[in-house]
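Engineer: Sharing a structure here in structure tokens format.
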Amino acid sequence: MDSRGAQGRATSGRRTTRPCDACRRRKSKCMTKESADVCTMCEMRETPCTYNEQRPARLPTSRQHPDAGSDTQRYPLLNGQLLEPLSSLSPISGSLSSYVSLQQPQERPNQVFPGPGAASVPETSLLTIPADTPGQEAIEKTLGSDSERFAELYGLTSDMEPILMRHRPYDVVTHEYQLPTHSIRKVQDQDNGVKYPVVFHMVSDTMAIGFRHDSGESDAVEAIVHPHGPRLVRLFFRTVQPSLPIIWKQGFLESYRQSYRNIAACLLGAIYLNAIKWWDYDPLLAPTPRPDAVSLLESTISLVQNEYHRPRLSSIQSMLLLLQCKPEAPLTSDHTFSRGLTSQMLAIGEAIGLHLDASEWLIPGWERALRKRLSWAVYMQEKWTALAYGRPSHIHDDNWDVRDLVESDFYDCSETLQPGADDFMASSTPVGTIQFQLMVRLSKLLSGVLETFFTAKGSQDQDTAALLKAAQPLLDQLTLWHADLVQYLPAAPYQSRQLHSQGFVHLSYYGVMINILRRLVRSTALAPLCLDHDVLSRIRHLAWQTAENANTFVTSLRIDQLEGFWYFPSPYLFSLIGSFNTQLMVTSVSLSERNHWRENLTSLLWAFRLLGKANAHLRYAVERLEGGVIRGMEHALAVNIDPSTLDSNVISPGKPDRHQQQPAPQQQQQQGELLSASSGLMNTSNTIDFADISQWDLSGAGLEAFDWLSGLELQGLER
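Residue numbering for the sequence shown follows this note's numbering, beginning at 32 and increasing consecutively.
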């Protein structure tokens, strides 16, 4: 061993100012116990503790940030100073991103594509992070992002008794108790005030099933998009991250600047896969051929499947992003895979403690904030997946002990993008933060809707009056939520050369409202028959108002809104609006109402076709409606689903459709018989007046009065 290494170990002051070679490479804090020859991390990993490598130039120190209050509101400490948003560190503005400089880097470590191929890349296609970005010790003491170890929570019913765990001789610096094969790490002395610690099982990656050292997975992903990786990263942080802030931006960009190999291969693939959707909006990427998205998707799915064995925060991030962009065929949807991947993500999230409050854990401040955002992102994904696919939710709110999001949880997302020649996303990060917080609140309301109306047992109750009473508190909460939506996130005005990503929040509101109302409307056509005129009138009026507003929202969407970011259940929610119109038509209480919904549905389908040219979610919706929801009943419903017979103009609600398909003679006879049988109920006027319900004589009514298709013989009708 040379004198430099010996001197480094002999002098404690030197260790406080310079990490050993291994800790510097891992960007972990180098600490040495008194009179010890090796640092704590090298001792734990059983690796040589040397000081042989050349000492790097010290990075400029970050400026002190003003005190933001309590520990949970402050920025995380780095070298004794508070981190600032990256935008305050970067002098770049104008047409370039405020967090990157798109210039030729002087050095690109570990570049896997040297030679002529790399030389042909335009200078502006490479990405450089400002040199003063925090990085050396920014991930010290991380629990869920350790580069060589993974952590799994010891649960309260495991064989590791919590009372016994508080008596371990934990290291005062690392808070770990070292064992020959693993270590036990304490992250909190008391679990929600109960006097036993929260502890994790820390294991080396080398002990995981399927581990292969330097398998080249990141190289394989990078090869698919090379040389456009940096531009795709830039696209991602401009389009997806503001609305779905699940990445620690500063840490990611610093690691990526050094080498893409520092990023988990599954996360790298998921980020590239999401960004490719906006390929044409990058002036340097648009003229070039797109990467093979199918190969990238297949590689990412394969990589994600191995995350069971080495759970990390990057595992959750990868799965969340993959679920945002996995394509589905409208009539052969791969729901089982998407639902299964969501459940797998939830299992991994619980393994790394995302269902618990980490606000006081002994981990870096950036990880506490990131964990909270990831926790609610997983919660959202699971609840909306359960809704969209009609499956039971796997999250019980009593088992989700995570505090509500506050502004300080987004400290690393506080950058506002400056508009410029190629800055096409008008949704600044503050707006995206509002979107995310509103969606979390709405998802918690959705959880109440699922628990109240759509459990296996709860769905058996068809007492319309009782269901309306149960729905009223949820409707009141939705009214308050919508008032905040209108106040803090109003409909975005048109701006030249800008895309907007606020539409999915408004669409999600209609999704929750419609699912409450469809449950109420459904009950009116099922036993027992509701005889309360006021209940029926209130339900029909609220359903009519909601459907009209939802239809107007969809048909008024602009191209700049359709091309923005849309949350993953958007195809289902668009289709749901059409399905709700169909339900209201079938349960119509008057001829005029039936005609009204028929016209609305025809107009909506046509609008879906036109707008679907610019939005895959709307294409999914129209194909789903025409090929599944309406198919087989189109003649009875007198709805034309053949686009070749429709006028080129969108038919406005209430305007007669001269191409409307008329019922077949057999249907006309059946409908006439049905009207005669229920003449005491059916209002035959030409206006929709919900007050007419109060005049009904319900004494001899049957359920067919609320489902006129039940009186038709659809079998054998011409298809």
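All residues carry an ideal CB built from backbone N, CA and C; glycine is no exception.
(1) So what's ASN680 in DSSP terms, helix, strand or just coil?
(2) Less than 7 Å separating the beta-carbons of ILE426 and GLU413?
(3) What whole-angstrom Cβ distance do LEU353 and THR331 have, given they're in contact under 8 Å?
(4) Looking only at DSSP bridge pairs, what is ARG216 linked to?
(5) Under 8 Å by Cβ, that's how I've got VAL433 and TRP415 pegged, so tell me the actual separation to the nearest angstrom.
(6) For the segment 497-516 against the segment 542-555, do three or more pairs of beta-carbon atoms, one drawn from each stretch, fall closer than 8 Å, so that the two count as touching?
(7) Under the three-state reduction of DSSP, which class applies to ASP222: helix, strand or coil?
(8) Short of 8 Å in beta carbon distance, which residues of its chain neighbour LEU593, apart from the five on each side in sequence? Order them along the chain.
(9) From this set, LEU604, CYS297, ILE661 and PRO200, which residue's C-alpha is nearest TYR417's C-alpha?
(10) Can you name, in chain order, every residue of its own chain whose Cβ lies under 6 Å from the Cβ of VAL143, other than the five neighbours on each side?
(11) Using 8 Å for Cβ pairs, my map puts ALA382 next to PRO322. What's the rounded Cβ distance?
(12) Contact between the segment 365-376 and the segment 557-566: three or more CB pairs below 8 Å?
(13) So, is GLY703 buried or exposed, given that buried needs 16 or more other C-beta atoms within 10 angstroms?
(14) Is it a yes or a no for the segment 229-238 touching the segment 264-284, going by three-plus beta-carbon pairs under 8 Å?
(15) Could you tell me whether the Cβ of PHE737 comes closer than 7 Å to any Cβ of chain C?
(16) Could you check where the beta strand (DSSP E) with SER181 kicks off and where it finishes?
(17) Taking only the alpha-carbon atoms, compute the straight-line gap between GLY241 and ASP190 and give it to the nearest angstrom.
(18) With three or more C-beta pairs closer than 8 Å as the rule, is the segment 461-476 touching the segment 288-301?
(19) Run the CB neighbour count on ASN680, radius 10 Å, all protein chains shown included, and call it buried at 16 or more, exposed below.
(20) Between GLU253, MET196, ILE215 and GLY186, which has its C-alpha nearest LEU174's C-alpha?
(21) Buried or exposed: ASN582, going by 16 or more other Cβ atoms within 10 Å of its Cβ?
(22) To the nearest angstrom, how far is the alpha carbon of VAL229 from that of ASP429?
(23) Can you give the Cα-Cα distance for MET196 and GLY384, rounded to whole angstroms?
(24) Classify GLN614 as buried or exposed, calling it buried when 16 or more other Cβ atoms lie within 10 Å of its own Cβ.
(25) What is the C-beta distance between VAL536 and LEU516, in whole angstroms, given that I count them as a contact (C-beta under 8 Å)?
(26) For GLU207, which of THR363, LYS172, VAL409 and TYR410 has the nearest alpha-carbon?
(27) Are THR270 and PHE596 closer than 7 Å when you measure CB to CB?
(28) Classify ARG629: buried if its beta carbon has 16 or more other beta carbons within 10 angstroms, exposed otherwise.
(29) Run through the DSSP bridge pairs and tell me what SER439 is partnered with.
(30) I need the straight-line Cα distance from PHE639 to ALA574, nearest angstrom please.
(31) Any idea which residues DSSP pairs SER290 with across the strands?
(32) Closest by CA to LEU315, which one among GLN336, THR81 and ARG262?
(33) Are the CB atoms of TYR519 and ILE465 nearer to each other than 7 Å?
(34) Under a Cβ-count criterion, where at least 16 other Cβ atoms within 10 Å of its own Cβ denotes burial, should VAL204 be classed as buried or exposed?
(35) Closest by CA to LEU511, which one among GLY542, THR483, GLN493 and LEU476?
(36) Take SER326 as the anchor and find which of GLU359, CYS73, LEU567 and ALA301 has the nearest alpha-carbon.
Structural biologist: From the atom records:
(1) Here residue 680 refers to the residue found at position 649 of the sequence shown. Confidence is the limiting factor: at ASN680 the pLDDT is only 37, short of 50, which leaves the residue's position unreliable, though a coordinate-based value still follows. The answer is coil: DSSP assigns ASN680 none of H, G, I, E or B.
(2) On the sequence shown, position 395 is the one that residue 426 refers to. On the sequence shown, position 382 is the one that residue 413 refers to. Their beta carbons are under 7 Å apart, which means ILE426 touches GLU413 by this criterion.
(3) Here residue 353 corresponds to residue number 322 of the sequence shown, with the count starting at 1. Here residue 331 corresponds to residue number 300 of the sequence shown, with the count starting at 1. So it is a contact: roughly 6 Å between Cβ atoms.
(4) Position 185 of the sequence shown, counted from the start, is the residue given in the question as residue 216. According to DSSP, ARG216 bridges with GLU207 and PHE231.
(5) Indexing the sequence shown from 1 puts residue 433 at position 402. Indexing the sequence shown from 1 puts residue 415 at position 384. Going by Cβ atoms, the distance from VAL433 to TRP415 rounds to 17 Å, so no, they are not a contact pair.
(6) yes
(7) Here residue 222 refers to the residue found at position 191 when the sequence shown is read from its first residue. Looking at ASP222 - three-state DSSP - the assignment turns out to be strand.
(8) Residue 593 sits at position 562 when you count from the first residue of the sequence shown. The residues are GLY534, LEU642, ALA645, ASN646 and LEU649.
(9) Walking along the sequence shown from the start, residue 417 turns up at place 386. Looking at the sequence provided, one finds Ala at residue 417 rather than Tyr. Cα-wise, what sits closest to ALA417 is LEU604.
(10) Within the sequence shown, numbered from 1, the residue matching residue 143 stands at position 112. Interpretation of VAL143 is limited by its pLDDT of 36, a score under 50 that renders its predicted location unreliable; the figure taken from the coordinates is listed afterwards. Around VAL143: ASP250.
(11) Position 351 of the sequence shown holds residue 382. Position 291 of the sequence shown holds residue 322. Going by Cβ atoms, the distance from ALA382 to PRO322 rounds to 33 Å, so no, they are not a contact pair.
(12) no
(13) Position 672 of the sequence shown, counted from the start, is the residue given in the question as residue 703. Residue placement at GLY703 is flagged as unreliable, the pLDDT there being 43, under the threshold of 50; the coordinate-derived value follows with that caveat. The residue is exposed, with fewer than 16 neighbouring Cβ atoms inside 10 Å.
(14) no
(15) Going by chain labels, chain C is absent from the structure shown, which holds only one protein chain.
(16) Here residue 181 refers to the residue found at position 150 of the sequence shown. The sequence shown places Phe at residue 181, rather than the Ser named in the question. Start and end: 180-184.
(17) To locate residue 241, count along the sequence shown from 1; it is residue 210. To locate residue 190, count along the sequence shown from 1; it is residue 159. So the alpha carbons of these two residues sit roughly 26 Å apart.
(18) no
(19) One-based indexing of the sequence shown puts residue 680 at position 649. For ASN680, the predicted model reports a pLDDT of 37, less than 50, meaning its position is unreliable; a value from the coordinates is still stated below. Burial call: exposed.
(20) Locating residue 174 in the sequence shown gives position 143, where the first residue counts as 1. Out of GLU253, MET196, ILE215 and GLY186, ILE215 has the C-alpha closest to the C-alpha of LEU174.
(21) Taking the sequence shown and counting its residues from 1, one reaches residue 582 at position 551. By the 10 Å Cβ count, ASN582 comes out buried.
(22) Counted from its first residue, the sequence shown places residue 229 at position 198. Counted from its first residue, the sequence shown places residue 429 at position 398. Rounded to whole angstroms, VAL229 to ASP429 spans 18 Å at the Cα level.
(23) Translated into positions along the sequence shown, residue 196 becomes position 165. Translated into positions along the sequence shown, residue 384 becomes position 353. Cα to Cα, the separation comes out at about 17 Å.
(24) Your numbering for residue 614 matches position 583 in the sequence shown. The residue in question, GLN614, is buried, as its Cβ has 16 or more Cβ neighbours within 10 Å.
(25) The residue labelled residue 536 in the question sits at position 505 within the sequence shown. The residue labelled residue 516 in the question sits at position 485 within the sequence shown. That pair is a contact at about 7 Å.
(26) To locate residue 207, count along the sequence shown from 1; it is residue 176. Here the closest residue by C-alpha is LYS172.
(27) Within the sequence shown, numbered from 1, the residue matching residue 270 stands at position 239. Within the sequence shown, numbered from 1, the residue matching residue 596 stands at position 565. In contact: THR270 and PHE596 (Cβ atoms closer than 7 Å).
(28) Taking the first residue of the sequence shown as position 1, residue 629 is located at position 598. That one is buried.
(29) One-based indexing of the sequence shown puts residue 439 at position 408. Per DSSP, none; premise fails for SER439.
(30) Translated into positions along the sequence shown, residue 639 becomes position 608. Translated into positions along the sequence shown, residue 574 becomes position 543. Those two C-alpha atoms are separated by around 21 Å.
(31) Position 259 of the sequence shown, counted from the first residue, corresponds to residue 290. Bridge partners of SER290: none, in fact.
(32) To locate residue 315, count along the sequence shown from 1; it is residue 284. Here the closest residue by C-alpha is ARG262.
(33) For this step, residue 519 is matched to residue 488 along the sequence shown. For this step, residue 465 is matched to residue 434 along the sequence shown. In this structure, ILE465 lies closer than 7 Å to TYR519 by Cβ.
(34) For the purposes of this step, residue 204 is identified with residue 173 of the sequence shown, where counting begins at 1. Flag for VAL204 reads exposed.
(35) The residue labelled residue 511 in the question sits at position 480 within the sequence shown. With distances taken between Cα atoms, LEU511 lies closest to LEU476.
(36) As a working note, residue 326 is residue 295 in the sequence shown. If we check each option's Cα against that of SER326, ALA301 comes out closest.
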